[in-house]
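Everything below concerns the one structure shown next.
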Amino acid sequence: GEIEANANVLAQSINDMSENIKEQTGAINMINESVSAIDNITHENISIVNTTNDITRQIDDMAKNIVADVRKKKF
1121 GEIEANANVL
1131 AQSINDMSEN
1141 IKEQTGAINM
1151 INESVSAIDN
1161 ITHENISIVN
1171 TTNDITRQID
1181 DMAKNIVADV
1191 RKKKF
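One gets our numbering by counting positions in the sequence shown from 1 and adding 1120 to each.
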């Protein structure tokens, strides 16, 4: 009767919620993987920036040394 129909509706609603939760869990997992990938790329970028900064300093020092050396020499 009516109780059985209501129980069936309730059971179907619970099944629907369960499916929605599974889908949301999958979406959250994908987001977490994407955030992790972005974090890894960010760390790689920081490393590249630091290396580039070191190289830039070295080149700047070389250029200053060349300029100082040229100024010492008379042509």
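Beta carbons are placed, not taken as given, at the ideal position from N, Cα and C, and that holds for glycine. Values in this document were obtained by computation on a predicted structure and should not be read as measured data.
Alpha carbon to alpha carbon, what distance is there between residue j and residue i?
i, j, result
"Val1169", "Thr1162", "10 angstroms"
"Gln1144", "Asn1126", "27 angstroms"
"Val1196", "Gly1146", "There is simply no residue 1196 to check, as the chain begins at 1121 and stops at 1195 in what is shown."
"Lys1193", "Ser1156", "56 angstroms"
"Ile1158", "Ile1175", "25 angstroms"
"Glu1153", "Glu1139", "21 angstroms"
"Ile1134", "Ile1141", "10 angstroms"
"Asp1189", "Asp1180", "14 angstroms"
Note the first and the last residue of the continuous alpha helix (DSSP H) segment covering residue i.
i, result
"Gly1146", "Glu1122 to Lys1192"
Does residue i have its Cβ less than 8 angstroms from a Cβ in chain B?
i, result
"Ala1127", "Of the protein chains in this structure there is only one, and it is not chain B."
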